[in-house]
Structures are given as structure tokens and as C-alpha cells.
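Student: I have a structure I would like to understand better, so I am pasting it below and will then ask my questions one at a time.
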Amino acid sequence: MAEAGSKIPIYIWYDGYPPHAGEGYEGRVSLAEKASLNLTNVHESDQGWYECKVYFLNRPPDSPKNGTWVHLDVHAPPHFKMKPPDVVYVKVGESVSLPCEAEGTPPPNLIWYKVKESRTVQILPTELRINNLRQTDIGDYTCMARNKQGTVTATTKVIVAGPASIVTPPRNVTKLEGDRAEFICEAKALPTNVVTQVVSQWS
Numbered sequence: 001m002a003e004a005g006s007k008i009p010i011y012i013w014y015d016g017y018p019p020h021a022g023e024g025y026e027g028r029v030s031l032a033e034k035a036s037l038n039l040t041n042v043h044e045s046d047q048g049w050y051e052c053k054v055y056f057l058n059r060p061p062d063s064p065k066n067g068t069w070v071h072l073d074v075h076a077p078p079h080f081k082m083k084p085p086d087v088v089y090v091k092v093g094e095s096v097s098l099p100c101e102a103e104g105t106p107p108p109n110l111i112w113y114k115v116k117e118s119r120t121v122q123i124l125p126t127e128l129r130i131n132n133l134r135q136t137d138i139g140d141y142t143c144m145a146r147n148k149q150g151t152v153t154a155t156t157k158v159i160v161a162g163p164a165s166i167v168t169p170p171r172n173v174t175k176l177e178g179d180r181a182e183f184i185c186e187a188k189a190l191p192t193n194v195v196t197q198v199v200s201q202w203s
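Residue numbering for the sequence shown follows the UniProt record's numbering, starting at 1 and increasing by one per position.
Next comes the structure, spelled out in C-alpha cells:
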């Protein structure tokens with residue numbers, strides 16, 4: 001028994017000899033009812049055409065030419081080939097592309113959804129594109145891959161990145177020598193900013 005496109009049989013059996021299983025089929029193929037092939041733990045990659053042929057040890061391999069073909073369909077639930085990132089920071093007015101690609105048998109359908117759909121959303125075969133991003137475009141976007149065998153989802157959070165700004169500026173303080181001086185400063189930014197305080201001295 002051989003798979004279509006492969007010259008190496010996946011299973012060989014001759015009366016009086018131990019059976020031979022091809023690479024990747026060890027422990028998964030066996031003979032049933034004299035000439036039937038039993039394949040267990042079926043993989044998605046097993047899908048395809050298979051040919052059963054009879055050979056005689058005392059005759060050339062190509063004579064007589066005989067064989068029968070059978071096709072194996074393997075249905076598998078979808079799985080992601082490429083998932084969108086967990087979080088994306090984008091500035092207002094820019095464009096963002098969220099990749100999403102899935103495989104399965106039959107091929108899964110990809111669906112993007114958001115709580116409130118934006119007019120700037122463009123759904124492409126392997127990504128979601130948002131052009132001229134607005135404040136209203138922020139939120140969670142979910143990519144769903146679905147076929148008859150199951151469903152998988154992946155969610156990414158789109159956050160509008162903004163420049164750093166001082167919320168609470170530090171104030172001048174007067175302390176006695178040896179006292180502890182504290183300068184309170186609060187800032188905000190997306191993504192999270194790093195605050196650096198520089199000490200200057202004047203004579």
C-alpha cells in the first residue's frame with residue numbers, strides 16, 4: 001500500500017516475512033482481514049489517495065500492472081498558523097494590520113468581530129486592517145476560525161498610543177539641611193512611560 005505521489009510504500013507484507021511500515025506510519029498501520037489496511041491515530045497529513053497493489057516475488061515489479069485506488073478524507077478542527085498580538089499600540093491617524101491565519105480540514109472560515117464595528121475596518125484574507133485609526137477604534141478585536149469540526153478564537157487589544165504628559169508637576173520646596181526632600185510628579189502615556197528626574201544646581 002502506497003500513498004499517491006510517493007514511491008515508497010507505507011506498508012509492505014509478504015507471506016512468511018515480517019511486515020514493514022513506512023516512516024511516520026510505524027505503530028499505526030496493520031493488516032486486517034488478509035488484504036485490508038488498518039490505519040490508526042489518523043493525522044491531518046494522512047489525507048490523500050492510497051493505492052493497493054499486489055506483487056509477486058518471482059515476477060518483475062511492474063508486471064502485472066494492477067492496483068486499486070482509495071481516497072482518505074481527514075477532517076480536523078482549525079488551528080492558528082498565525083495569531084494576532086495580544087496588544088497593539090497605534091497613534092491616531094495611522095493604520096494598523098492585525099494578522100490572523102488558520103488551517104484545518106475543511107478549510108476554516110475566518111471571522112473578525114468587535115463590539116462596535118468601525119467604518120474604517122477592512123477585512124482581508126489573512127488580516128484585519130484599520131485605516132486612519134480613530135479614538136473610537138480602540139477596543140478588543142477577535143479573530144474566529146471555524147469549520148464543522150470546531151472553533152478557535154484569538155483576541156487582540158488595540159490601544160491608541162499618546163504622547164507623555166505631566167498630570168501632577170513637581171513643586172518647589174524649601175528644606176533645612178539634612179532634611180528629606182520629596183518631589184511628587186505624576187505622568188501618563190501609552191504605552192507606559194518612564195519618568196526621569198534631573199537635578200540641577202545653581203550657584
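All C-beta atoms, glycine included, are put in the ideal place defined by N, C-alpha and C. None of these values were measured; they are calculated from a predicted model.
1. Going by DSSP in three states, Ser30 sits in which element: helix, strand or coil?
2. Should the stretch 131-140 be called in touch with the stretch 167-185, which here means at least 3 C-beta pairs below 8 Å?
3. How big is the Cα-Cα spacing for Lys91 and Arg129?
4. Tell me which residue opens and which closes the beta strand (DSSP E) that Asn132 is part of.
5. Flag this pair as yes or no: are the beta carbons of Cys100 and Ala154 separated by less than 8 Å?
6. If you follow the beta strand (DSSP E) that Leu37 is in, where does it begin and where does it stop?
7. Would Pro77 pass as a contact of Gly24 if the rule is Cβ separation under 8 Å?
8. Using the rule of at least 16 other Cβ atoms within 10 Å of the residue's Cβ for burial, across every protein chain shown, is Pro18 buried or exposed?
9. Does DSSP put Glu44 in a helix, in a strand, or in coil?
10. What three-state label does DSSP hand Val90 in the structure shown?
11. Are Lys148 and Pro106 touching if we call contact CB-CB under 8 Å?
12. For the candidate residues Leu133, Asn41 and Trp69, whose alpha-carbon lies nearest to that of Glu94?
13. Could you give the distance in angstroms between the alpha-carbon of Glu182 and the alpha-carbon of Thr156?
14. Rounded to the nearest angstrom, what separates Lys53 and Leu110 at their Cα positions?
15. Expressed to the nearest angstrom, what Euclidean distance is found between the alpha-carbon atoms of Ile159 and Thr68?
16. Compare the Cα-Cα distances from Pro85 to each of Glu127, Ser45, Leu72 and His75 and report the closest residue.
17. May I have the straight-line CA-CA distance separating Lys83 from Thr40, to the nearest angstrom?
18. Pick helix, strand or coil for Phe56, following the three-state DSSP scheme.
19. Do Val42 and Ala102 count as a contact pair if the criterion is CB distance below 8 Å?
Tutor: With the given structure in hand:
1. strand
2. no
3. 14 Å
4. Taken as a continuous stretch (DSSP letters only), Asn132 belongs to no beta strand (DSSP E), as it is neither H nor E.
5. yes
6. Ser36 to Leu39
7. no
8. exposed
9. helix
10. strand
11. yes
12. Leu133
13. 40 Å
14. 41 Å
15. 59 Å
16. Glu127
17. 31 Å
18. coil
19. no
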